[in-house]
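Q: Protein chains in written order, with the working numbering: chain A, 654 to 733; chain B, 117 to 225; chain C, 13 to 255.
Beta carbons: idealized from backbone N, C-alpha and C, even for Gly.
Pasting a structure here, questions to come.
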């Protein structure tokens, strides 16, 4: 059960990573990247690293996303 | 005889099933509803009622101790933050001029 | 000329790094020190030796304190580099005209009263949680980095809701450089204190009687990392907003 959960999370993680790389809309890429961080956070927690999970949730899903959004708002939304 | 543990288990099952049902309905809505506003509405239901009632189910199941306090606090946070998120999303969409879907006109561009 | 200089600089930086990597034991080798005794030592004696029940904090701040000091330096350097890029960009002529031309990102709508109310309602609890994560980091998962990120996120949320004018007072101009460098400063202070107590920079006294001193040193490090991290995130956000 536990391993199945891990595998599911990993598959989802790979999917989000590919989606981020393929997205032409940078706003969408930033949002998908925050969901990537969230899945990564679940994985850290599930693999027994709560410290890293907290960092991932606060930095990866929280602040990085905000900084990305500000950067996109100040530049352009489309990949050139 | 019905013991306290039985009542607790039954309450847990009912609340968890209610939460799971809302998640199911919310997810179907997210996939099937026609426009952004309706989908946000479905997703917000999912987060608020679904996660809220699952958390309360966990609190009931856990009994009275420090963890239950944390779960209740978490449920309170979810009940506050997720309607706010839904409101902010819908408001931002409305402010940027996204027109809602209309049955007669079909999907708006 | 400039390119050649950059290439030379990169190569000069890379050589010692590569030599260092080559000197490490091969990945996965069973006779590497980490597998023979280091991990076991951390797990067996970490709690009493390092002064932290949370073994991760013990390793981060005590056993591997120098690495963390380096990490903190990297983060501070990243802030400096980010500011360097952002501030020169801002002075470019014609930047204002350019901002009107890019039409695909609409101007943000005014802040909703609902969002504003909820953020202000939750702010004290978030601040309390951040301080708890920072100060309790040596018992439960968490610590300076995590709590600092939460504090930084809280500052960003408040800035979005209340406007820059009101949150600026949280970071007074005079104290700002000290806050941005808080992590580095705390490492230097604790490092020198450790040097006085044990003879090694960032050395932690190992005697059982000095348990409180060890905990206090860790607390200063955690608080410094937390404050520094939060100030760095907040500064980056404000600078990007100001552009």
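Let me know the secondary structure DSSP gives residue 610/A once reduced to three states.
A: Outside the shown range of chain A (654 to 733) lies residue 610/A, about which nothing can therefore be said.
Q: Determine whether the beta carbon atoms of residue 669/A and residue 684/A lie at a separation below 8 Å.
A: No.
Q: Whole angstroms are fine: how far does the CA of residue 219/B sit from the CA of residue 149/C?
A: 55 Å
Q: With a Cβ-Cβ cutoff of 8 Å, do residue 230/C and residue 73/C count as a contact?
A: yes
Q: Under a CB-based cut-off of 8 Å, is residue 134/C close to chain B?
A: yes
Q: With H, G and I counted as helix, E and B as strand and the rest as coil, what does DSSP make of residue 678/A?
A: strand
Q: Shorter than 8 Å from the beta carbon of residue 203/B to some beta carbon of chain C?
A: yes
Q: Go to residue 232/B, then tell me how far its alpha helix (DSSP H) extends in each direction, as first and last residue.
A: Here chain B comprises residues numbered 117 to 225, so residue 232/B is not present and cannot be evaluated.
Q: Below 8 Å on the Cβ atoms is my contact criterion, and I expect residue 58/C with residue 77/C to pass it. Report the Cβ-Cβ distance as a whole number of Å.
A: For residue 58/C against residue 77/C, the beta-carbon gap comes to about 13 Å, at or over 8 Å, which does not count as contact.
Q: Looking only at its chain, what residues have a beta carbon closer than 8 Å to the beta carbon of residue 192/C, apart from the 5 residues adjacent to it on each side?
A: 88, 91, 240, 243, 244 and 247
Q: Answer yes if the stretch 126–134 of chain B comes into contact with the stretch 719–732 of chain A, meaning at least three C-beta pairs across the two stretches below 8 Å, and no otherwise.
A: The stretch 719–732 of chain A is not in contact with the stretch 126–134 of chain B.
Q: Show which residues of chain C have a CB atom less than 8 Å away from the CB atom of residue 164/B.
A: Ordered by position in chain C, no residue passes the 8 Å Cβ test against residue 164/B, which lies about 13 Å from the chain.
Q: Helix, strand or coil for residue 218/B? Go by DSSP, reduced to three states.
A: Note: residue 218/B maps to strand in three-state DSSP.
Q: Residue 200/B versus chain C: which residues are under 7 Å apart at the beta carbon?
A: 126, 127 and 130
Q: Measuring alpha carbon to alpha carbon, tell me which residue in 180/B, 167/B and 176/B is nearest residue 137/B.
A: 167/B
Q: Please name the residue, chosen from 176/C, 237/C and 201/C, that lies closest to residue 250/C on a Cα-to-Cα basis.
A: 176/C
Q: Run through chain C and tell me which residues come within less than 9 Å of residue 183/B, C-beta to C-beta.
A: By Cβ distance, chain C contributes nothing, its closest Cβ being about 13 Å from residue 183/B, past 9 Å.
Q: Spatial neighbours of residue 682/A within its chain, please: C-beta separation below 6 Å, excluding the five flanking residues on both sides.
A: 673 and 676
Q: Under 8 Å between the Cβ atoms of residue 234/C and residue 156/C?
A: yes
Q: By a C-beta neighbour count over all protein chains shown, 10 Å radius and 16 as the cutoff for buried, is residue 178/C buried or exposed?
A: exposed
Q: Under 9 Å between beta-carbons, which chain C residues line up against residue 196/B? List them in chain order, please.
A: 130, 133 and 134
Q: Roughly how many angstroms separate the alpha carbons of residue 182/B and residue 168/C, rounded to a whole number?
A: 31 Å
Q: Taking residue 123/C and residue 200/B to be in contact with their CB atoms under 8 Å, please state how far apart those CB atoms are, rounded to whole angstroms.
A: At roughly 12 Å, the Cβ-Cβ gap does not stay under 8 Å, so residue 123/C and residue 200/B are not in contact.
Q: Where do the N-terminal and C-terminal ends of the alpha helix (DSSP H) with residue 210/C fall, by residue?
A: 194–210
Q: Distance, Cα to Cα, residue 52/C vs residue 65/C?
A: 16 Å
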